[in-house]
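All remarks here apply to the structure that follows.
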Ligand SMILES: [Zn+2]
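Residue numbers (the working numbering): 40 to 452.
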């Protein structure tokens with residue numbers, strides 16, 4: 040039975056939730072090239088069909104292009120200056136401590152998922168990594184669990200008593216299956232009629248490890264496409280986007296292209312320069328905590344303008360913003376970024392000091408994200424857009440507008 044259509048409001052925007060099941064997917068780290076190559080190899084027939092019958096275009100993620108930043112933006116429909124989430128890892132302005140933002144106490148506004156659940160929709164939110172689950176499930180009724188901890192669920196906390204019985208054995212977190220499990224869970228919940236409003240958030244382990252044309256990537260995208268096909272078959276309106284793209288971060292000779300900015304700053308300007316890498320999270324095997332955006336904090340006594348100019352001149356640095364400009368131009372929360380917010384060039388990453396980064400697990404190569412060059416990501420919808428949203432899609436759509444597109448923009452809703 041189809042759900043009733045409902046209009047909800049979240050963070051000042053109205054969402055007309057269609058009277059059909061809805062599945063919004065965040066394909067973590069999905070540079071558009073992965074979809075292009077998979078389609079070119081005939082491995083993604085459902086994404087191809089969606090592109091032709093529905094909509095496929097590009098959309099702009101929020102900077103810095105990291106997972107927590109963009110997942111929070113997507114589920115709230117707002118940029119980081121409203122979510123308060125500007126990195127996986129920040130300097131907490133309240134305590135001065137370096138902390139992970141893997142807790143809903145850092146999320147400053149409300150989610151569309153919570154609003155939909157309070158309006159009576161059967162909401163399910165499934166993530167690959169457990170770090171995102173509690174953060175995104177803020178104030179939500181319904182089902183929320185991660186593939187990573189699929190065997191540690193309870194009715195009380197997760198809204199579901201048995202995931203393994205429903206979806207199958209729990210996958211390893213560093214695997215393609217960690218993401219495919221999330222999609223399979225969505226299919227099962229829809230099939231059972233347990234849920235009709237889904238947010239499914241994958242993990243980018245595979246994209247960090249493999250370029251789009253490698254066989255492992257093609258197999259992975261074929262798997263993603265197969266599950267999307269199931270969601271479509273079950274009558275869902277499907278919308279897919281990404282939290283960020285992914286680029287190789289090596290020189291042309293294949294060596295890793297990293298600037299250890301704290302080391303270099305201290306050499307040049309002495310003590311009191313701290314670099315915080317917002318990509319830092321508990322899962323560092325695939326990127327060694329090296330990303331394409333960092334925050335720089337300076338102690339008093341430094342000539343800020345001189346330091347900013349010097350950072351911009353360094354190889355591997357593309358853009359430098361002071362706190363005020365970053366807050367204004369990039370919609371970042373001023374209290375959770377550094378004196379400078381620094382973005383790398385396309386094939387470079389910025390680190391702190393060599394001691395802060397374990398490169399031993401990287402197999403000598405590195406793919407990562409976080410900066411401007413991982414900003415443009417795909418937006419794929421199973422339904423055609425109405426005239427208003429076609430115009431919006433042709434302007435400057437954001438990945439965190441995806442619920443708006445799916446709820447208010449599809450021609451059939
Ligand atoms: Zn990600």
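C-beta atoms are modelled at their ideal positions from N, C-alpha and C, and glycine is treated no differently.
Self-check item: beta strand (DSSP E) segment containing residue 111, residue limits
Solution: It is not in any beta strand (DSSP E) - residue 111 instead sits in the alpha helix (DSSP H) that spans 106 to 115.
Practice problem: Would you mind stating whether residue 364 and residue 332 have Cβ atoms separated by less than 9 Å? | Solution: no
Quiz item: Can you list, in chain order, the stretches of the alpha helix (DSSP H) that have 4 or more residues and sit fully within the region 59 to 141?
Solution: 71 to 79, 84 to 92, 106 to 115, 119 to 122
Self-check item: 3 or more residues per run - each beta strand (DSSP E) lying fully within the region 162 to 193
Solution: 162 to 166, 182 to 185
Quiz item: Out of 245, 305, 191, which has the shortest C-alpha to C-alpha gap to residue 286?
Solution: 245
Quiz item: Residue range of the alpha helix (DSSP H) that residue 254 falls in?
Solution: 254 to 272
Quiz prompt | Environment of ligand 1 in chain order, Cβ to heavy atom below 6 Å | solution = 67, 68, 106, 243, 282, 283
Self-check item: residue 452 - DSSP class collapsed to helix/strand/coil
Solution: In this prediction, residue 452 has a pLDDT of 48, which is less than 50 and means its spatial position is unreliable; nothing more can be read from the coordinates.
Quiz item: Are at least three pairs of beta-carbons, each pair with one atom in the region 69 to 81 and one in the region 113 to 123, less than 8 Å apart?
Solution: no
Practice problem: Check whether the Cβ atoms of residue 414 and residue 283 lie closer than 9 Å to each other. | Solution: yes
Quiz item: Using DSSP with H/G/I as helix, E/B as strand and the rest coil, what is residue 213?
Solution: coil
Self-check item: Contiguous alpha helix (DSSP H) assignments of at least 4 residues, all confined to the region 222 to 254
Solution: 244 to 248
Quiz item: Excluding the five sequence neighbours on either side, which residues of its own chain have a C-beta within less than 8 Å of the C-beta of residue 393, listed in chain order?
Solution: 299, 302
Quiz item: Can you give the Cα-Cα distance for residue 45 and residue 56, rounded to whole angstroms?
Solution: 5 Å
Practice problem: Kindly confirm or deny that the region 341 to 349 and the region 303 to 320 touch, where touching means at least three C-beta pairs closer than 8 Å. | Solution: yes
Quiz item: If you draw a straight line from the C-alpha of residue 329 to the C-alpha of residue 313, how long is it?
Solution: 15 Å
Practice problem: Compute the distance between the beta-carbons of residue 240 and residue 154, then report whether it is under 9 Å. | Solution: no
Quiz prompt | C-alpha gap between residue 109 and residue 81, whole angstroms | solution = 30 Å
Exercise. Look at the alpha carbon of residue 366 and the alpha carbon of residue 449, and state the distance between them as a whole number of angstroms.
Key: 32 Å
Quiz item: Are residue 59 and residue 275 touching if we call contact CB-CB under 9 Å?
Solution: yes
Quiz item: Helix, strand or coil: which one does DSSP assign to residue 389?
Solution: strand
Quiz item: Which residue from 268, 104, 201 puts its Cα closest to that of residue 369?
Solution: 104
Quiz item: How big is the Cα-Cα spacing for residue 28 and residue 271?
Solution: The displayed coordinates of the chain run from 40 to 452. Any statement about residue 28 would go beyond what the structure contains.
Practice problem: Apply the 10 Å Cβ neighbour rule to residue 443 and answer buried if 16 or more other Cβ atoms are within range, or exposed otherwise. | Solution: buried
Exercise. Compute the Euclidean distance between the alpha carbons of residue 372 and residue 351, then round it to the nearest angstrom.
Key: 22 Å
Quiz prompt | Anticipated Cβ contact below 8 Å, residue 266 with residue 219, distance rounded | solution = 6 Å
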